[in-house]
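Participant: Note that the protein sequences, when read in sequence, are chains A and B.
Letter by letter, the first sequence follows residues 407 to 760 in this note's numbering.
Letter by letter, the second sequence follows residues 407 to 760 in this note's numbering.
Let me begin by handing over the structure; questions about it come next.
2 protein chains.
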Amino acid sequence: MTLREMLGVELPVLQAPMAGVQDHALAAAVCEAGGLGALPCALLAPEAMRAELTALRARTDRPFNVNVFCHAPPEPDAARDAAWRAALAPYYVAFGFDPAWGAAGAGRQPFTHAMADIIEPFRPPVMSFHFGLPDADLLARVHGWGTRVLASATSVEEGRWLEARGVDAVIAQGHEAGGHRGHFLSDTLDGALGTFALVPQLVRALRVPVIAAGGVADARGVEAALALGASAVQVGTAYLLCPEATTGALHRAALQGEEARHTAYTNLFTGRPARGIVNRLMRELGPMSPLAPAFPLAAAAIAPLRIEAERRGRGDFSPLWAGQNVTGCKSIPAARLTRELAGKPSQGRRAWRC
Amino acid sequence: MTLREMLGVELPVLQAPMAGVQDHALAAAVCEAGGLGALPCALLAPEAMRAELTALRARTDRPFNVNVFCHAPPEPDAARDAAWRAALAPYYVAFGFDPAWGAAGAGRQPFTHAMADIIEPFRPPVMSFHFGLPDADLLARVHGWGTRVLASATSVEEGRWLEARGVDAVIAQGHEAGGHRGHFLSDTLDGALGTFALVPQLVRALRVPVIAAGGVADARGVEAALALGASAVQVGTAYLLCPEATTGALHRAALQGEEARHTAYTNLFTGRPARGIVNRLMRELGPMSPLAPAFPLAAAAIAPLRIEAERRGRGDFSPLWAGQNVTGCKSIPAARLTRELAGKPSQGRRAWRC
């Protein structure tokens with residue numbers, strides 16, 4: 407059985423789940439075009455998750471992917487939190503805020519049986535996990551729905567670990583990828599493997615299919631990833647300008663500017679390394695800082711700064727997630743982009759020639 | 407004119423110059439197989455350079471590439487040198503050496519008119535430059551020989567800079583590449599672009615042909631690089647086990663062990679970031695250290711430690727240069743490897759299927 411048969415999709419294109427910049431609308435558009443759309447649930451409260459799943463199911467009867475996180479919940483650490491607030495205090499003061507004040511950041515919950523209770527009635531054809539896998543009983547529950555399970559690996563060790571625990575395919579997340587890096591066995595970034603090195607090594611090491619992620623931005627990138635042995639690709643950044651994405655105006659502008667050529671891993675926005683366009687906060691405090699609290703606690707103290715800066719038209723404190731290759735970003739419907747990625751443009755021309 | 411026509415080669419495969427682990431023998435074997443072999447000259451004293459060029463010319467009448475460095479010579483800095491020696495002192499003491507003692511490390515000279523005097527009689531069909539370009543008059547002198555000029559870029563900015571100064575093709579050196587990173591406009595590693603992101607961006611930004619380097623290890627990798635728009639590839643790591651390479655026994659063993667999956671940029675061995683297999687010195691002092699003197703001065707104080715450790719059969723202080731993808735390393739003649747990379751195995755089978 408090929409990966410496409412396993413997932414029930416026509417095209418070897420998976421849309422990367424991107425919490426915070428998309429909802430069911432993007433996922434449904436990709437599914438309807440023949441790719442595998444994804445609904446990121448890590449930021450959703452229970453009622454919102456149910457509403458999004460309902461909306462997605464109403465918009466498509468094709469297979470879709472429900473994505474959740476599997477991080478270990480952080481230990482509270484008052485001293486570290488205080489140090490973080492002290493580092494941010496000058497920005498609070500500059501905005502006229504009380505440095506002791508804190509808005510609750512959007513919570514990022516790991517996958518639980520309670521979340522599974524919400525998801526179960528929708529019987530998602532595919533679920534993907536980031537930052538490892540849930541406990542064995544929870545994973546067995548998901549598999550028991552007939553759901554195909556995908557998870558991200560950033561190294562050969564992680565790929566083998568996932569395969570040994572029964573995933574149906576592994577997403578090879580290369581150094582180029584935007585957003586949160588999904589590592590879970592080693593948190594060092596020194597050895598971050600580029601897509602060109604990671605994909606062939608996972609293809610060689612694993613029996614399950616490998617999905618290439620990181621730097622894949624157009625039909626040529628898809629062709630290259632398949633040449634390296636991948637069975638499909640997962641594309642995120644290229645979808646960020648689609649009308650169906652909820653990407654904010656500042657983020658859209660940054661993706662289209664010269665600054666989009668300069669991204670870096672940063673832990674300032676959530677506590678875990680994620681790749682985004684370098685902005686003021688990253689330049690001044692990082693991009694990586696030992697002061698940032700454990701994931702996802704760093705987000706809470708950033709939230710007021712982000713909200714106020716965005717109100718003033720500045721992305722200085724916004725996570726401008728992007729991969730290293732924004733050349734595929736286009737303000738076109740996601741369905742059309744999906745077919746272009748697969749080398750099947752709707753209008754009979756190879757869009758990457760334009 | 408295609409890049410292959412410009413360089414006068416049959417195959418879209420350039421052998422990466424690898425100072426310290428190869429001489430004319432590897433270069434000649436690659437040239438004779440239809441690729442572009444390279445002679446790294448940065449570590450060679452004048453007489454050795456002349457001898458190597460003579461030997462290469464005697465072994466092949468096909469085009470070859472002569473590679474030199476273009477770094478700015480370092481300013482002497484006694485305080486920094488003392489700090490570096492202090493950091494290394496415990497290792498000196500453990501070996502019974504006087505920490506004040508220093509062997510002269512192999513010198514790495516930037517390209518000069520004096521070096522051009524030696525090279526000129528050989529009229530190299532191709533020269534490649536690392537760490538930027540020589541001054542305009544020196545570059546014009548090389549072009550005046552009818553020599554085609556290549557240089558490495560790690561970013562779009564560097565690619566444009568090189569194109570504006572008249573290079574004939576740009577080597578896109580991605581994050582995955584082994585050995586010295588060729589950056590020259592920005593020394594930050596935060597934004598190091600993976601091959602999958604760098605190649606398409608340079609192809610889009612430049613008019614001159616782009617050569618993909620970093621992670622390319624077999625015929626599938628070559629196919630993928632060409633799919634991304636590259637006109638050819640430059641491969642280094644895969645050649646390190648060839649009998650024609652002068653790679654030492656410890657280095658060869660490391661390339662074939664599990665540790666080869668873990669590489670990092672390190673400045674400990676020369677003062678500039680270069681990718682190698684993580685070993686004891688990198689784990690204990692780095693891999694990147696602010697104490698390391700400017701390139702190439704760090705090398706001198708490491709040399710006695712390296713020599714003694716290697717005598718004892720340990721690679722603890724050796725630069726074990728390697729890219730992130732060693733899956734293509736094979737102990738086969740370089741000619742056969744070259745043809746396999748180009749998808750033309752000598753013996754009628756696709757070696758990458760094995």
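Yeah, the Cβ is synthetic: ideal placement off N, Cα and C, and Gly gets one too.
Since we're looking at a predicted model, the values are computed, not measured.
For Tyr645/B, I'd like the list of residues in its chain whose CB is within less than 7 Å of its CB, leaving aside the five on either flank, ordered along the chain.
Facilitator: Within the second sequence, the letter at position 239 stands for residue 645/B. Cβ within range, chain order: Gln421, Leu432, Ala651, Ala740, Leu743.
Participant: Would you mind working out which of Pro710/B, Ile525/B, Leu726/B, Asn731/B sits nearest Met688/B, comparing C-alpha positions?
Facilitator: If you number the second sequence from 1, residue 688/B lands on position 282. It is Leu726/B.
Participant: For a contact defined as C-beta to C-beta under 7 Å, what are the partners of Arg613/A on chain B?
Facilitator: Residue mapping note: residue 613/A aligns to position 207 of the first sequence, counting from 1. In chain order: nothing, as chain B lies at least about 16 Å away.
Participant: Measuring CA to CA, which of Val609/A, Asp624/A, Asn471/A is closest to Asn731/B?
Facilitator: Within the second sequence, numbered from 1, the residue matching residue 731/B stands at position 325. Answer by Cα proximity: Val609/A.
Participant: With a threshold of 7 Å, establish whether the CB of Ala506/B neighbours any heavy atom of the ligand FMN.
Facilitator: With respect to small molecules bound, the structure shown includes none, and the ligand FMN cannot be examined in it.
Participant: Sorted by chain position, which residues of the same chain lie with C-beta nearer than 7 Å to Ala611/B's C-beta, five sequence neighbours on each side aside?
Facilitator: Here residue 611/B is taken as the residue at index 205 of the second sequence, counted from 1. If we look at Ala611/B and ignore the five residues flanking it on each side, its Cβ neighbours are Val562, Gly565, Arg566.
Participant: Does the segment 696-708 of chain A come into contact with the segment 452-466 of chain A, if we say contact requires no fewer than three beta-carbon pairs (one atom in each stretch) closer than 8 Å?
Facilitator: no
Participant: Taking Ala464/B as the reference, which of Ala434/B, Ala715/B, Pro482/B has the closest Cα?
Facilitator: Reading the second sequence from its first residue, position 58 is the one you call residue 464/B. When only C-alpha atoms are compared, the closest one is Ala434/B.
Participant: Quick check on this structure: which residue in Asp624/B, Gly600/B, Ala660/B, Gln607/B has the alpha carbon closest to the alpha carbon of Gly635/B?
Facilitator: In the second sequence, the residue the question calls residue 635/B occupies position 229. It is Gln607/B whose Cα lies nearest to the Cα of Gly635/B.
Participant: In the DSSP assignment, the alpha helix (DSSP H) including Thr744/A goes from what residue to what residue?
Facilitator: Start at 1 with the first residue of the first sequence, and residue 744/A comes out as number 338. It spans 740-747 - the alpha helix (DSSP H) in which Thr744/A sits, taken as one unbroken run.
Participant: Is the CB of Gly593/A under 8 Å away from at least one CB in chain B?
Facilitator: As a position in the first sequence, residue 593/A is number 187, starting the count at 1. The amino acid occupying residue 593/A in the given sequence is Asp; Gly does not appear at that position. No - not a single Cβ of chain B is within 8 Å of the one on Asp593/A.
Participant: Going along the chain, which residues of the segment 559-570 of chain B sit with their C-beta nearer than 7 Å to a C-beta in chain A?
Facilitator: Look at the segment 559-570 of chain B: the residues with a C-beta under 7 Å from a C-beta of chain A are Val562.
Participant: What did DSSP end up calling His586/A once you bin it into helix, strand or coil?
Facilitator: Residue mapping note: residue 586/A aligns to position 180 of the first sequence, counting from 1. Under the three-state reduction of DSSP output, His586/A falls in the strand class.
Participant: In three-state terms, what does DSSP make of Gly565/B?
Facilitator: The sequence position of residue 565/B within the second sequence is 159, counting from 1. Helix, per DSSP.
Participant: Taking 8 Å as the CB-CB cut-off, is Leu634/A touching chain B?
Facilitator: Translated into the one-based positions of the first sequence, residue 634/A becomes position 228. Yes, contact with chain B.
Participant: Might you give, ordered along the chain, the residues of its own chain that have their beta carbon closer than 6 Å to the beta carbon of Trp758/B, omitting 5 neighbours on each side?
Facilitator: By 1-based counting over the second sequence, the position of residue 758/B is 352. Note that Trp758/B scores a pLDDT of 41, beneath 50, so its modelled location is shaky; the value from the coordinates is reported in the next line. Hits under 6 Å: Asp624, Ala625, Arg626.
Participant: Which residue from Ile617/B, Val548/B, Gly734/B, Leu445/B puts its Cα closest to that of Asn473/B?
Facilitator: Here residue 473/B is taken as the residue at index 67 of the second sequence, counted from 1. Among Ile617/B, Val548/B, Gly734/B, Leu445/B, the Cα nearest to that of Asn473/B belongs to Leu445/B.
Participant: Could you tell me which of Glu716/A, Pro516/A, Phe501/A, Arg529/A sits nearest to Asn471/A, measuring between CA atoms?
Facilitator: Counted from its first residue, the first sequence places residue 471/A at position 65. The shortest C-alpha separation from Asn471/A is found at Arg529/A.
Participant: If the criterion is Cβ atoms closer than 8 Å, does the pair Gly584/A and Arg681/A meet it?
Facilitator: Taking the first sequence and counting its residues from 1, one reaches residue 584/A at position 178. Taking the first sequence and counting its residues from 1, one reaches residue 681/A at position 275. Inclusion of Gly584/A and Arg681/A in the CB contact set at 8 Å is warranted, their separation being smaller than that value.
Participant: Count the CB pairs spanning the segment 491-500 of chain B and the segment 566-576 of chain B that are closer than 8 Å, and state whether there are at least three.
Facilitator: Below 8 Å, too few C-beta pairs join the segment 491-500 of chain B and the segment 566-576 of chain B to call them touching: fewer than three.
Participant: With a threshold of 8 Å between beta carbons, is His589/B in contact with chain A?
Facilitator: Locating residue 589/B in the second sequence gives position 183, where the first residue counts as 1. Judged by the 8 Å Cβ criterion, His589/B is not in contact with chain A.
Participant: In whole angstroms, give me the CA-to-CA distance for Val419/A and Ala575/A.
Facilitator: Mapped onto the first sequence, residue 419/A falls at position 13. Mapped onto the first sequence, residue 575/A falls at position 169. In a straight line, the C-alpha of Val419/A is about 14 Å away from that of Ala575/A.
Participant: Considering only the beta carbon of each residue, do Val427/B and His586/B sit closer than 8 Å?
Facilitator: The residue labelled residue 427/B in the question sits at position 21 within the second sequence. The residue labelled residue 586/B in the question sits at position 180 within the second sequence. Cβ distance not < 8 Å, so Val427/B and His586/B don't count as in contact.
Participant: Nearest CA to the CA of Leu647/B: which residue from Cys735/B, Arg667/B, Asn673/B, Ala598/B?
Facilitator: Within the second sequence, the letter at position 241 stands for residue 647/B. Closest option to Leu647/B, Cα to Cα, is Cys735/B.
Participant: Taking C-beta to C-beta, are Ser695/A and Arg712/A nearer than 8 Å?
Facilitator: Counted from its first residue, the first sequence places residue 695/A at position 289. Counted from its first residue, the first sequence places residue 712/A at position 306. Here Ser695/A is not near Arg712/A, since their CB atoms are 8 Å or more apart.
Participant: Rounded to the nearest angstrom, what separates Glu714/B and Glu665/B at their Cα positions?
Facilitator: Here residue 714/B refers to the residue found at position 308 of the second sequence. Here residue 665/B refers to the residue found at position 259 of the second sequence. Rounded to whole angstroms, Glu714/B to Glu665/B spans 22 Å at the Cα level.
Participant: So, using beta-carbon positions, are Asp620/A and Gly502/B closer together than 8 Å?
Facilitator: Working through the first sequence from its first residue, we reach residue 620/A at position 214. Working through the second sequence from its first residue, we reach residue 502/B at position 96. The question names Asp, but residue 620/A in the sequence shown is Gly. Going by C-beta atoms, Gly620/A is not nearer than 8 Å to Gly502/B.
Participant: So with Cβ pairs under 8 Å, would you call Arg610/B a contact of chain A?
Facilitator: By 1-based counting over the second sequence, the position of residue 610/B is 204. Judged by the 8 Å Cβ criterion, Arg610/B is in contact with chain A.
Participant: Just the Cα atoms here: how many angstroms apart are Cys760/A and Phe517/A?
Facilitator: Along the first sequence, one-based indexing puts residue 760/A at 354. Along the first sequence, one-based indexing puts residue 517/A at 111. Caution applies to Cys760/A, whose pLDDT of 35 falls short of 50 and renders its modelled position unreliable; the value that the coordinates give is listed next. Roughly 42 Å separates the two Cα atoms.
Participant: Helix, strand or coil for Thr672/A? Go by DSSP, reduced to three states.
Facilitator: Within the first sequence, residue 672/A is the residue found at index 266, counting from 1. Strand, per DSSP.
Participant: Along chain B, in chain order, which residues have C-beta atoms closer than 8 Å to that of Gln607/A?
Facilitator: Position 201 of the first sequence holds residue 607/A. Per Cβ cutoff of 8 Å: Arg667, Asn731, Thr733.
Participant: Is there a C-beta anywhere in chain B that falls below 8 Å from the one on Ala748/A?
Facilitator: Position 342 of the first sequence, counting from 1, holds the residue named residue 748/A. Not closer than 8 Å to any Cβ of chain B, the Cβ of Ala748/A fails to qualify, so no.
Participant: Specify the secondary structure class of Gly663/A as computed by DSSP and reduced to three states.
Facilitator: One-based indexing of the first sequence puts residue 663/A at position 257. Reduced to three states, the DSSP call for Gly663/A is coil.
Participant: Alpha carbon to alpha carbon, how far is Leu556/A from Glu438/A?
Facilitator: Here residue 556/A refers to the residue found at position 150 when the first sequence is read from its first residue. Here residue 438/A refers to the residue found at position 32 when the first sequence is read from its first residue. Taking the straight line joining both Cα atoms gives about 20 Å.
Participant: Buried or exposed: Asp523/A, going by 16 or more other Cβ atoms within 10 Å of its Cβ?
Facilitator: Reading the first sequence from its first residue, position 117 is the one you call residue 523/A. The residue is exposed, with fewer than 16 neighbouring Cβ atoms inside 10 Å.
Participant: Where do the ends of the beta strand (DSSP E) carrying Gln607/A lie?
Facilitator: Numbered from its first residue, the first sequence carries residue 607/A at position 201. Careful: Gln607/A lies outside any beta strand (DSSP E), inside the alpha helix (DSSP H) at 601-611.
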